[in-house]
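Taken in order, these protein sequences are the chains called A and B. Per the numbering used here, the first sequence starts with residue 643, numbered consecutively. Per the numbering used here, the second sequence starts with residue 643, numbered consecutively. Built from N, CA and C at the ideal position, the CB exists for glycine as well.
There are 2 protein chains.
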Amino acid sequence: MPPAAPSISSLGIVTPRTAHFAAPLNLKSGAVLPAYDLIYETYGTLNADKSNAVLICHALSGNHHVAGLHAAADKNPGWWDNLIGPGKPVDTNRFFVIGVNNLGGCHGSTGPASINPATGQAYGSGFPLVTVEDWVDSHARLADMLGISCFAAIIGGSLGGMQVLQWSIAYPQRVRHCLAIASAPKLTAQNIAFNDVARQAILSDPDFHGGNYYAHDTYPRRGLRLARMLGHITYLSDDVMGSKFGRILRAGAFNYGYDVEFEIESYLRYQGDKFAGSFDANTYLLMTKALDYFDPTQHRPELGLSAALKPAVADFLVISFTTDWRFAPERSREIVQALLDNERNVSYAEIASNHGHDAFLMPDPHYHALIRAYMERITV
Amino acid sequence: MPPAAPSISSLGIVTPRTAHFAAPLNLKSGAVLPAYDLIYETYGTLNADKSNAVLICHALSGNHHVAGLHAAADKNPGWWDNLIGPGKPVDTNRFFVIGVNNLGGCHGSTGPASINPATGQAYGSGFPLVTVEDWVDSHARLADMLGISCFAAIIGGSLGGMQVLQWSIAYPQRVRHCLAIASAPKLTAQNIAFNDVARQAILSDPDFHGGNYYAHDTYPRRGLRLARMLGHITYLSDDVMGSKFGRILRAGAFNYGYDVEFEIESYLRYQGDKFAGSFDANTYLLMTKALDYFDPTQHRPELGLSAALKPAVADFLVISFTTDWRFAPERSREIVQALLDNERNVSYAEIASNHGHDAFLMPDPHYHALIRAYMERITV
């Protein structure tokens, strides 16, 4: 027998499961989802008193496949495999870690591309807009199903960090530690503006057909590609783009035309094409809306974030990255200040990184050491 | 007779003129433009020794209509009317000011929408890509035609500032004072990336038809609209977007759909629609390419900007704006440092403004006072 190829993930092969929820979910929009599926993965073992569960909340384009491989031949492990696994900062020898694809997603949880049982057709534009609040409610049901009354920790970056905040507000007794990374209490006008350009790219693509492209056998590939290209610019810092690509020309000289000339163009177009070939445009729209909507101060803006976070009793670790201009350190400091106003236990780190918003996905040693140290202190 | 309505421009009515150039122009790309027109406007009077001429170089979406009105009923004057006119910082009682639409433009100078005499059809994709160098060469011919051997000053913001730099390098004896505002010696990878997303929006619009949409009686309106929406985000600062729009909702509540919800969305879509209805998409493509290409250090990058600016003998005023992240103050400081390395006379100001890149078009009192003082010192 030949020796097994060395695994690129210390978790090895993992298998997703699907949970079906037959009870209707009342959404923040007023719509009701009569029933739905959530696809999820778990890593490690739930201990006897169920005190070692950790929930990972994903960001815009993430999913339930957080760590490990789906097949031995996989070239890439789950999206946060560098952080999660046996002996890793979020150590699956100690913790029972759960990844779940959000409602509205396109990786197995019920979403716009799923069949609407009422019509026998894909939901398409009929899929209701879901919010961070709705996701947290639906994940609480998954926790119920798994018998987890309180998470040791809930961890999320970017849009995932917003879900972490929402857990601390909506289910304060169900989470002991909140790790909100590269996040913000709410988007700025500039953030919303970028999201709206991305949405308009999709919505105005002639192949979008009002969201019902499944029925037309088309796909708004051009629009989604543009949305992703734009997104990518905002995930990276000016610094890292400069050092990785600068003004380097593909062919060494200008060609005075509109084909790729600069390396940065090649990179962006490649990223756009790759994403447009593997993600559902309706899900992209819906995820950006959830980002725009989240605002714990919405109903009483005059009281500010401290009042909105008043229910939270969890301990917090808040982390930001110096060159992240999409979710800048100032935004994380707002969360920290609000928690301090409420006399909560909060640790804060601003990690020097030139990777921009994407830094939260990178294996920076300082960043990972911080999470490791924090997680090691959690009793299970 | 009813009293005349008070003019919104102190210059009153101005009339563009068109200059025809029958001699071929050799372009940097290697292409040759056999003949071309430049549309231009002038304000004030050229003095006897022709020492009071000032050239204004426009940016991406600008044109020759820099100041004054085209008709008494005009609601808006030229794009830099707040700066230029009798008694204004660039005082047309002293200076003879020239505005000219760049080659490739869509406001009267020869461009992609013009008829190619060789075919009798619009140039479309057949219009050659032009560069900052080509523009400066073509404007030098306009100066020849007007009998101006040396400009008192050449002024430009953004892409216009690049033209100012190029004048100082290519025609050092033809300009005494260079005013480079909100500019950069060359674009960064991030700048190029934003331009490429804008271009891809246009190029991938099914109505683009490879640039020959004139012949198809279509127009890539969707693509140009997206390009402009994106551009607008980068012209404004996060600060000014926050203070002007914040998270204000149009209808006071979420509608949980993809119609306009936030005021910032309404603003951006309006700007995109307005622009897409009045600008030529091929011109937009070409102008962004000229931005990407400009790099005085291109042929000898190892020698740096100081070497590239060695030919320049003009005095310089360089101005940047604190919240301009598209052409950040650091980029202006590179120009200043290179000029100082060459022991040139250079004044530099970094104006505190929350208007981002757009600040160069705004009537900030400190900014205008600086230009006024600088221009008053110029002998004519």
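Within this structure, are the beta carbons of K730 (chain B) and R1019 (chain B) separated by less than 9 Å?
Contact flag unset, no.
Is any beta-carbon of chain B found at less than 9 Å from that of I875 (chain A)?
Closer than 9 Å: yes.
Three-way DSSP call (helix, strand, coil) for P926 (chain B) in this model
Reading the sequence as shown, one finds Tyr at residue 926 (chain B) and not Pro. In the structure shown, Y926 (chain B) sits in a helix (DSSP, three-state: H, G or I).
For the structure I just gave you, are there three or more beta carbon pairs, one from the segment 863-871 of chain A and one from the segment 882-896 of chain A, closer than 8 Å?
Contact between the segment 863-871 of chain A and the segment 882-896 of chain A is absent, because fewer than three Cβ pairs lie under 8 Å.
Can you find a C-beta in chain B that's less than 9 Å from the C-beta of L821 (chain A)?
Chain B places no beta carbon closer than 9 Å to that of L821 (chain A), leaving this residue out of the contacts.
Measuring alpha carbon to alpha carbon, tell me which residue in B:G746, B:K828, B:Y900 and B:E907 is nearest E972 (chain B).
Of all alpha-carbon atoms in B:G746, B:K828, B:Y900 and B:E907, the one lying nearest the alpha-carbon of E972 (chain B) is that of B:K828.
Compute the distance between the beta-carbons of H858 (chain B) and A956 (chain B), then report whether it is under 9 Å.
Contact flag unset, no.
What's the gap between the Cα of C748 (chain A) and the Cα of A755 (chain A)?
Here the alpha carbon of C748 (chain A) sits roughly 7 Å from the alpha carbon of A755 (chain A).
Is the Cβ-Cβ distance between Y990 (chain B) and R975 (chain B) less than 9 Å?
In this structure, Y990 (chain B) places its C-beta atom within 9 Å of the C-beta atom of R975 (chain B).
In the DSSP assignment, what are the bridge partners of A795 (chain A)?
DSSP, once it has assigned bridges, lists A:V696 as partnering A795 (chain A).
Tell me whether the segment 693-700 of chain A and the segment 790-798 of chain A touch, counting them as touching only if at least three CB pairs, one residue from each stretch, are closer than 8 Å.
The way I'd put it, the segment 693-700 of chain A does touch the segment 790-798 of chain A; three or more beta-carbon pairs between them come closer than 8 Å.
Could you give the first and the last residue of the continuous alpha helix (DSSP H) run that contains A876 (chain B)?
Looking at the sequence itself, residue 876 (chain B) is Thr, so the reference to Ala does not match. Counting along the chain, the alpha helix (DSSP H) containing T876 (chain B) begins and ends at R863 to Y877.
Would L788 (chain B) and C699 (chain B) be called neighbours here (beta carbons separated by less than 9 Å)?
It is not a contact, given that the beta carbons lie outside the stated cut-off.
Could you have a look at Q979 (chain A) and say whether DSSP puts it in helix, strand or coil?
Shown here, Q979 (chain A) sits in a helix according to DSSP, grouped into three states.
Cβ distance (whole Å) where L745 (chain B) is taken to contact D776 (chain B) below 8 Å:
Contact flag correct, Cβ pair sits at about 6 Å.
What in chain B is Cβ-close to P848 (chain A), meaning under 7 Å?
Below the 7 Å Cβ cutoff, chain B contributes P848 as neighbours of P848 (chain A), in chain order.
Residues of the segment 961-981 of chain A in Cβ contact with chain B at a cutoff of 9 Å, in chain order, please.
For the segment 961-981 of chain A, residues whose beta-carbon sits nearer than 9 Å to a beta-carbon of chain B comprise W967 and A970.
Using a Cβ cut-off of 9 Å, pull out every chain A residue sitting near E992 (chain B), in sequence order please.
For a Cβ distance threshold of 9 Å, nothing in chain A lies close to E992 (chain B): the least Cβ distance comes to about 18 Å.
I need the DSSP call for F936 (chain B), collapsed to helix, strand or coil.
Assigned with DSSP and collapsed to three states, F936 (chain B) falls in coil, not helix or strand.
Can you pull the DSSP bridge partners for F860 (chain A)?
The residue you asked about is not Phe; residue 860 (chain A) is Thr in the sequence shown. Its beta-bridge partners do not exist; DSSP assigns none.
Buried or exposed: which applies to A869 (chain A), given that a residue is buried once 16 or more other Cβ atoms fall within 10 Å of its Cβ?
With 16 or more Cβ atoms within 10 Å of its Cβ, A869 (chain A) is classed as buried.
Rounded separation between G768 (chain A) and G888 (chain A) - CA only:
Inter-residue distance for G768 (chain A) and G888 (chain A) is about 44 Å (C-alpha atoms, whole angstroms).
Can you say whether H662 (chain B) is buried or exposed, counting buried as having 16 or more other CB atoms within 10 angstroms of its CB?
Result: exposed.
Excluding the five sequence neighbours on either side, which residues of its own chain have a C-beta within less than 7 Å of the C-beta of A664 (chain A), listed in chain order?
These residues qualify, in order along the chain: A677.
Entirely enclosed alpha helix (DSSP H) segments - the segment 723-809 of chain A, minimum 4 residues
Every unbroken stretch of the alpha helix (DSSP H) spanning 4 or more residues and falling wholly within the segment 723-809 of chain A is given here in chain order: 774-788.
Alpha carbons only, please: which of A:I993, A:F1002, A:A994 and A:R986 is nearest the one belonging to P814 (chain A)?
Comparing Cα positions, the closest option is A:R986.
Determine the extent of the beta strand (DSSP E) in which H706 (chain A) is found, giving its start and end residues.
Where H706 (chain A) is concerned, there is no enclosing beta strand (DSSP E), given that its DSSP letter is neither H nor E.
Could you tell me whether the Cβ atoms of Y877 (chain A) and G704 (chain A) are closer together than 9 Å?
It is not a contact, given that the beta carbons lie outside the stated cut-off.
Along chain A, which residues have their Cβ under 8 Å away from the Cβ of F896 (chain B)?
Result: S671 and Y935.
For K916 (chain A) and chain B, any beta-carbon pair shorter than 9 Å?
Chain B contact via Cβ: absent.
With 9 Å as the threshold, decide whether the Cβ of A646 (chain B) is near any Cβ in chain A.
For A646 (chain B), the pLDDT reaches just 49, beneath the cut-off of 50, and the residue's location in the model is therefore unreliable, although a value from the coordinates is still provided. Chain A, which has no Cβ nearer than 9 Å to the Cβ of A646 (chain B), makes this no.
Could you tell me the distance, in whole angstroms, from the CA atom of V774 (chain A) to the CA atom of T761 (chain B)?
T761 (chain B) has its alpha-carbon roughly 58 Å from the corresponding atom of V774 (chain A).
Of all the options B:R841, B:A715 and B:P943, which has the alpha carbon lying nearest to the alpha carbon of M871 (chain B)?
Closest option to M871 (chain B), Cα to Cα, is B:R841.
Roughly how many whole angstroms lie between the Cα atoms of N689 (chain A) and F738 (chain A)?
Near 8 Å, if we compare the C-alpha coordinates of F738 (chain A) and N689 (chain A).
Per DSSP, which residues does N668 (chain A) bridge with? Please list them.
As computed with DSSP, N668 (chain A) is found in a beta bridge with A:V674.
Quick check on the burial criterion: 16 or more other C-beta atoms within 10 angstroms. Buried or exposed for P1005 (chain A)?
P1005 (chain A) is classed as exposed because its beta carbon has fewer than 16 other beta carbons within 10 Å across all chains shown.
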